[in-house]
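Novice:
Protein chains in written order, with our numbering: chain A, 18 to 105; chain B, 107 to 462.
(1) Going by DSSP in three states, residue 116 of chain B sits in which element: helix, strand or coil?
(2) Once you ignore the five residues that flank residue 320 of chain B on each side, which residues in its own chain have a CB closer than 7 Å to its CB?
(3) Is DSSP giving residue 197 of chain B helix, strand or coil here?
(4) Note down the Cα distance separating residue 20 of chain A from residue 54 of chain A, rounded to an integer number of angstroms.
(5) How close, in whole Å, do the beta carbons of residue 81 of chain A and residue 75 of chain A come, if the pair is a contact with beta carbons under 8 Å?
(6) What first and last residue would you give for the alpha helix (DSSP H) that runs through residue 241 of chain B?
(7) Any beta carbon from chain A within less than 8 Å of residue 193 of chain B's own beta carbon?
(8) Looking only at DSSP bridge pairs, what is residue 217 of chain B linked to?
(9) Tell me the DSSP secondary structure of residue 292 of chain B in three-state form.
(10) Roughly how many angstroms lie between the CA atoms of residue 300 of chain B and residue 275 of chain B, to the nearest whole one?
(11) Using the Cα positions of residue 388 of chain B and residue 281 of chain B, report the straight-line distance between them to the nearest angstrom.
(12) In this structure, does DSSP put residue 279 of chain B in helix, strand or coil?
(13) Check whether the segment 433 to 449 of chain B touches the segment 399 to 407 of chain B, counting contact only when three or more Cβ pairs, one atom from each stretch, lie closer than 8 Å.
(14) Comparing alpha-carbon positions, which option in B:204, B:352 and B:317 lies nearest residue 330 of chain B?
(15) Would you tell me roughly how many angstroms separate the C-alpha atoms of residue 355 of chain B and residue 418 of chain B, rounded to the nearest one?
(16) Are there any heavy atoms of the ligand FMN lying less than 7 Å away from the beta-carbon of residue 315 of chain B, as far as the coordinates show?
(17) What residues in its chain sit with their C-beta under 6 Å from that of residue 442 of chain B, if we drop five residues either side in the sequence?
(18) What are the residues that DSSP puts in a beta bridge with residue 255 of chain B?
(19) If we define contact as Cβ-Cβ less than 8 Å, is residue 188 of chain B a contact residue for chain A?
(20) Less than 6 Å between C-beta atoms, sequence neighbours within five positions excluded: which residues of the same chain meet that for residue 433 of chain B?
(21) Helix, strand or coil, according to DSSP, for residue 299 of chain B in the structure here?
(22) Shortest alpha-carbon distance to residue 347 of chain B belongs to which of B:219, B:177, B:407 and B:384?
(23) Within 10 angstroms of its Cβ, does residue 362 of chain B collect 16 or more other Cβ (buried), or is it exposed?
(24) Between residue 204 of chain B and residue 261 of chain B, is the Cβ-Cβ spacing less than 8 Å?
(25) Between the Cα of residue 86 of chain A and the Cα atoms of A:31, A:45, A:23 and A:35, which residue gives the shortest distance?
(26) Whose Cβ in chain B lies nearer than 7 Å to the Cβ of residue 95 of chain A?
(27) Please state the DSSP three-state secondary structure of residue 375 of chain B.
(28) What do you get for residue 240 of chain B, buried or exposed, if any count of 16 or more other CB atoms within 10 angstroms of its CB means buried?
(29) Tell me the rounded alpha-carbon separation between residue 186 of chain B and residue 64 of chain A.
(30) Taking the alpha carbon of residue 380 of chain B as the reference point, which residue from B:370, B:193 and B:317 has its own alpha carbon closest?
(31) I'd like the list of long-range same chain contacts for residue 318 of chain B, defined as Cβ closer than 6 Å, with 5 residues on each side in sequence excluded.
(32) Using beta-carbon positions only, say whether residue 326 of chain B and residue 368 of chain B come within less than 8 Å of one another.
(33) List, from N- to C-terminal side, the alpha helix (DSSP H) runs of 4 residues or more that fit wholly inside the segment 380 to 455 of chain B.
(34) Give the residues of chain B in contact with residue 46 of chain A, contact being defined as C-beta atoms less than 8 Å apart.
(35) So residue 248 of chain B packs on residue 221 of chain B, CB below 8 Å; how close in whole Å?
(36) Along the beta strand (DSSP E) that carries residue 147 of chain B, what are the first and last residues, could you check?
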């Protein structure tokens with residue numbers, strides 16, 4: 018299973034845990050599985066069409082990817098807000 | 107006691123005060139710090155608070171609570187069905203409807219959602235969405251927004267909505283079919299030869315007079331209108347105002363001839379005219395307008411008041427009026443606009459004001 022890491026405030030919406038092991042063939046699938054386990058995070062990373070929100074960054078093994086990026090069980094997925102979304 | 111829900115670019119501010127007793131408003135609580143609270147209201151039927159919250163990172167969501175001291179819950183929706191290729195950008199307004207547990211929500215991209223469980227979950231109005239998809243609707247400067255929802259008191263089948271910039275839409279069968287209410291609206295921002303038959307109609311705000319439901323007032327992009335036939339056609343009533351441009355609109359529910367607007371200079375200069383903050387009242391259906399500025403800043407005050415940032419409490423001569431500006435200032439009147447006072451200064455830019 019891939020490892021997902023979350024930062025605040027996403028971590029608080031996923032049971033307070035920063036690290037989650039989840040199964041899925043691609044980024045979208047593991048993030049949907051995260052929503053199934055922790056409903057309060059629904060809509061925060063993926064929009065209702067399953068797309069990663071424009072101001073959320075998802076990195077897999079150091080590379081920024083979108084929801085369709087394939088995953089292997091050894092992959093580490095970091096989810097964090099981008100630096101562009103927080104306008105003054 | 108009066109409670110104000112002030113949505114801002116930096117969270118929700120809840121202010122309590124009693125202007126009739128001379129007790130100034132004070133900040134009770136702040137929620138959603140750092141996020142934009144587009145709109146907040148309390149459904150008086152069940153005492154439930156709603157807040158439309160948009161995170162610059164994590165998108166829009168509708169939150170609700172029955173107790174301001176308790177944790178807010180996230181509603182299931184409004185959200186477009188999976189596979190529609192569309193996602194909600196912003197929740198502009200939530201409005202209690204006719205019928206137990208019925209509420210409506212208007213969003214960007216322009217669509218109407220209905221809840222029948224007191225706001226816990228939401229369903230897209232498919233018929234209006236089909237009109238949207240077929241109609242090549244154009245966005246206004248603030249997006250393609252369904253921001254005004256006007257139920258018909260006592261009749262759940264009848265509803266009118268205002269859309270920027272796709273005009274007025276009316277249903278008489280509880281949202282199964284929709285028709286437009288365009289005649290009389292003049293889009294002065296289009297070339298004259300392009301105005302006939304256009305659907306690029308930039309409604310800024312619309313409210314229904316509850317004692318005479320076939321009457322509505324409408325703040326347009328460049329004028330103010332009144333309808334006496336349930337929104338089917340419109341009469342220009344802006345003569346006497348310093349400008350036809352503006353966003354906020356409030357009606358006196360006890361007087362179907364009464365409306366209040368806060369004009370801004372023009373589309374190109376969206377501030378209070380001549381650096382003077384003034385509210386305009388009509389008591390004769392828009393035939394004439396009364397200017398109110400007593401207690402409001404009258405010198406070097408260039409404020410912008412957004413469409414949801416004006417509300418009322420009660421009716422008649424003792425009606426409370428409250429509005430906030432993007433300067434972060436909030437003003438109030440306890441005598442239907444005759445005299446004004448400062449409710450609070452230096453909050454974050456105000457997006458909405460509602461009396462709880």
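All C-beta atoms in this analysis are idealised placements derived from N, C-alpha and C, irrespective of residue type, glycine included. All figures in this text were calculated on a predicted structure; none of them were measured in a lab.
Specialist: By the coordinates alone:
(1) By 1-based counting over the second chain, the position of residue 116 of chain B is 10. Coil at residue 116 of chain B, not helix or strand.
(2) For the purposes of this step, residue 320 of chain B is taken as the residue at position 214 of the second chain. Closer than 7 Å at the Cβ level, and outside the excluded window around residue 320 of chain B, lie 334, 335 and 336.
(3) Against the second chain, residue 197 of chain B aligns to sequence position 91. Reduced to three states, the DSSP call for residue 197 of chain B is strand.
(4) Here residue 20 of chain A corresponds to residue number 3 of the first chain, with the count starting at 1. Here residue 54 of chain A corresponds to residue number 37 of the first chain, with the count starting at 1. Rounded to the nearest angstrom, the two C-alpha atoms are 15 Å apart.
(5) What you label residue 81 of chain A is simply residue 64 of the first chain in a count that begins at 1. What you label residue 75 of chain A is simply residue 58 of the first chain in a count that begins at 1. The pair is a contact, with the Cβ atoms about 7 Å apart (cut-off 8 Å).
(6) Here residue 241 of chain B refers to the residue found at position 135 of the second chain. That run of the alpha helix (DSSP H) goes 232 to 241.
(7) Position 87 of the second chain holds residue 193 of chain B. Chain A contact via Cβ: present.
(8) Start at 1 with the first residue of the second chain, and residue 217 of chain B comes out as number 111. In the DSSP assignment, residue 217 of chain B forms a beta bridge with B:213.
(9) Here residue 292 of chain B corresponds to residue number 186 of the second chain, with the count starting at 1. It is coil, neither helix nor strand.
(10) In the second chain, residue 300 of chain B corresponds to position 194, counting from 1. In the second chain, residue 275 of chain B corresponds to position 169, counting from 1. So the two alpha carbons sit approximately 21 Å from each other.
(11) The count along the second chain starts at 1 and reaches residue 388 of chain B at position 282. The count along the second chain starts at 1 and reaches residue 281 of chain B at position 175. Between residue 388 of chain B and residue 281 of chain B, the C-alpha separation is close to 32 Å.
(12) Taking the second chain and counting its residues from 1, one reaches residue 279 of chain B at position 173. Coil.
(13) A contact exists between the segment 433 to 449 of chain B and the segment 399 to 407 of chain B.
(14) Looking up residue 330 of chain B in the second chain gives position 224. Taking only the C-alpha atoms, the option nearest residue 330 of chain B is B:352.
(15) Here residue 355 of chain B is taken as the residue at index 249 of the second chain, counted from 1. Here residue 418 of chain B is taken as the residue at index 312 of the second chain, counted from 1. When rounded, the distance between both Cα atoms is 10 Å.
(16) This structure lacks the ligand FMN; in fact it carries no ligand of any kind.
(17) For the purposes of this step, residue 442 of chain B is identified with residue 336 of the second chain, where counting begins at 1. Same-chain partners within the cutoff: 423 and 425.
(18) In the second chain, the residue the question calls residue 255 of chain B occupies position 149. DSSP lists B:267 as partners of residue 255 of chain B.
(19) Position 82 of the second chain, counting from 1, holds the residue named residue 188 of chain B. Among the CB atoms of chain A, one or more fall inside 8 Å of the CB of residue 188 of chain B.
(20) Sequence index remark: in the second chain, residue 433 of chain B carries index 327 (1-based). Counting only Cβ-Cβ distances below 6 Å, and skipping sequence neighbours, we find 409.
(21) Within the second chain, the letter at position 193 stands for residue 299 of chain B. Correct three-state label for residue 299 of chain B: helix.
(22) As a first step, residue 347 of chain B must be located in the second chain, where it is residue number 241. When B:219, B:177, B:407 and B:384 are compared, the shortest CA-CA separation from residue 347 of chain B is found for B:384.
(23) As a position in the second chain, residue 362 of chain B is number 256, starting the count at 1. Its Cβ being crowded by 16 or more others within 10 Å, residue 362 of chain B is buried.
(24) Looking up residue 204 of chain B in the second chain gives position 98. Looking up residue 261 of chain B in the second chain gives position 155. A contact, by the Cβ cut-off of 8 Å.
(25) The residue given as residue 86 of chain A occupies position 69 in the first chain. Nearest of A:31, A:45, A:23 and A:35 to residue 86 of chain A, Cα basis: A:45.
(26) Stepping through the first chain from its first residue, residue 95 of chain A is reached at position 78. Those do not exist, as residue 95 of chain A stays about 15 Å from chain B at its closest Cβ, beyond 7 Å.
(27) Within the second chain, residue 375 of chain B is the residue found at index 269, counting from 1. Collapsing the DSSP output to three states places residue 375 of chain B in a strand.
(28) Here residue 240 of chain B corresponds to residue number 134 of the second chain, with the count starting at 1. A residue is called buried when at least 16 other Cβ atoms come within 10 angstroms of its Cβ; residue 240 of chain B does not meet this threshold and is exposed.
(29) For the purposes of this step, residue 186 of chain B is taken as residue 80 along the second chain, with counting starting at 1. For the purposes of this step, residue 64 of chain A is taken as residue 47 along the first chain, with counting starting at 1. Approximately 10 Å between the Cα atoms of the pair.
(30) Along the second chain, read from residue 1 onward, the residue named residue 380 of chain B stands at position 274. That would be B:370, whose Cα lies nearest to the Cα of residue 380 of chain B.
(31) In the second chain, residue 318 of chain B corresponds to position 212, counting from 1. For residue 318 of chain B, same chain residues with a beta-carbon under 6 Å away, outside a window of 5 residues either side, are 362 in chain order.
(32) Reading the second chain from its first residue, position 220 is the one you call residue 326 of chain B. Reading the second chain from its first residue, position 262 is the one you call residue 368 of chain B. A distance of 8 Å or more separates the beta carbons of residue 326 of chain B and residue 368 of chain B.
(33) Counting only runs that start and end inside the segment 380 to 455 of chain B, there is no alpha helix (DSSP H) element of at least 4 residues.
(34) One-based indexing of the first chain puts residue 46 of chain A at position 29. Within 8 Å Cβ-Cβ: nothing; residue 46 of chain A doesn't reach chain B, min ~14 Å.
(35) Translated into positions along the second chain, residue 248 of chain B becomes position 142. Translated into positions along the second chain, residue 221 of chain B becomes position 115. Not a contact, Cβ separation roughly 24 Å.
(36) Counting from one through the second chain, the residue named residue 147 of chain B turns up at place 41. Residue range 142 to 149 is occupied by the beta strand (DSSP E) that includes residue 147 of chain B.
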